[in-house]
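Q: Position 78, counted from 1, in the sequence shown is what the working numbering calls 78; the numbers after and before it change by one each time, with no gaps.
Can you read through this structure? Questions will come right after.
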Amino acid sequence: MIVVDANVLIKAYVPEVLSEKAGDLLRKLERKSPLFVVPDLIFPEIGSILWKKNRLNELTGEESKEILNEIITLPLKVEPSKSIARLAIEIALIYGITMYDAIYFSLAATYDTKLLTADKRLVDRLEVGELGRHIEWLGNLF
C-alpha cells in the first residue's frame, strides 16, 4: 500500500502536468482491494480543488460532480486523521509544512510506506533526513 495525496488523484481525472502518470497509476489499481491508503481529509480537499476548478471555469459543475463520484468509488483504505494528528503536528512544526501535508506524510510513516505526491516542493522539503524514505514524487514513476 502507498499513501496518495489529493493532487495525484485529481491529476488522474483533470488534464494537467503529470496527468498521464497519475492516470497510468490508477489504471493499475485493482478494484478488488485497496492499494492506496488516504486520510479522511482527502474528500473535502478534493471537493475544494474541484470547486476551485469550477470557479476558474476549468471544469463544469457536472464534471466536478462526476470526478468526485469517481474518486469516492475508488477502493481506498481511509484512515481517520485523528489517529495521526499528534505525529502530524510534530512533523509540521519540524519541517515547516502545513498540517494537511503532514497528515499525509504521517500516514506514510505510520504504514512504513511512501507518500506519492505531485507536489515537488513538498518532496524537496521532506526527502532530506531520516523520514525522506517515506515520500516519492509522481514525476519519478515509470
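For every residue, glycine included, the Cβ atom is placed at its ideal position computed from N, Cα and C.
Because the structure is a prediction, the values reported are computed rather than measured.
#1: Rounded to the nearest angstrom, how far is the Cβ of residue 130 from that of residue 116, given a contact under 8 Å?
#2: Enumerate, from N- to C-terminal direction, the unbroken alpha helix (DSSP H) stretches of 4 or more residues contained entirely within the region 97–139.
#3: Should residue 113 be listed as close to the ligand ZN, given that the test is whether its C-beta is under 7 Å from any heavy atom?
#4: Hey, would you say residue 2 sits closer than 8 Å to residue 77, going by beta carbons?
#5: What whole-angstrom Cβ distance do residue 45 and residue 100 have, given they're in contact under 8 Å?
#6: Using CA coordinates, which residue listed in 56, 82, 112 and 123 is at the minimum distance from residue 41?
#7: My output table needs one value for residue 11: the three-state DSSP class, helix, strand or coil.
#8: Can you tell me whether residue 39 is helix, strand or coil according to DSSP?
#9: Please name the residue or residues paired with residue 2 in a DSSP beta bridge.
#10: Quick one: what's residue 45 bridged to in DSSP?
#11: Quick one: using the 10 Å Cβ neighbour count with 16 as the cut-off for buried, is residue 49 buried or exposed?
#12: Here's the rule: buried if 16 or more other CB atoms are within 10 angstroms of the residue's CB, otherwise exposed. What is residue 56?
A: Looking at the coordinates:
#1: Taking the sequence shown and counting its residues from 1, the one referred to as residue 130 is at position 130. Taking the sequence shown and counting its residues from 1, the one referred to as residue 116 is at position 116. Actually they do not touch by this definition, with Cβ atoms about 19 Å apart.
#2: Runs of the alpha helix (DSSP H) inside the region 97–139: 99–110 and 120–126.
#3: The model on display carries no ligand, and the ligand ZN is accordingly not part of it.
#4: Taking the sequence shown and counting its residues from 1, one reaches residue 2 at position 2. Taking the sequence shown and counting its residues from 1, one reaches residue 77 at position 77. When the beta-carbon positions are compared, residue 2 and residue 77 stay at least 8 Å from each other.
#5: Residue numbering aside, residue 45 sits at position 45 when the sequence shown is read from its first letter. Residue numbering aside, residue 100 sits at position 100 when the sequence shown is read from its first letter. So it is a contact: roughly 7 Å between Cβ atoms.
#6: What you label residue 41 is simply residue 41 of the sequence shown in a count that begins at 1. The option with the nearest alpha carbon to residue 41 is 82.
#7: The sequence position of residue 11 within the sequence shown is 11, counting from 1. Assigned with DSSP and collapsed to three states, residue 11 falls in helix.
#8: As a position in the sequence shown, residue 39 is number 39, starting the count at 1. Three-state result, residue 39: strand.
#9: What you label residue 2 is simply residue 2 of the sequence shown in a count that begins at 1. Looking at the DSSP assignment, residue 2 forms a beta bridge with 36.
#10: As a position in the sequence shown, residue 45 is number 45, starting the count at 1. Note: residue 45 is not bridge-paired with any residue in the DSSP secondary-structure output.
#11: As a working mapping, residue 49 is identified with position 49 in the sequence shown. Under this definition residue 49 is a buried residue.
#12: Reading the sequence shown from its first residue, position 56 is the one you call residue 56. Exposure of residue 56 is indicated by the presence of fewer than 16 other C-beta atoms within 10 angstroms of its C-beta.
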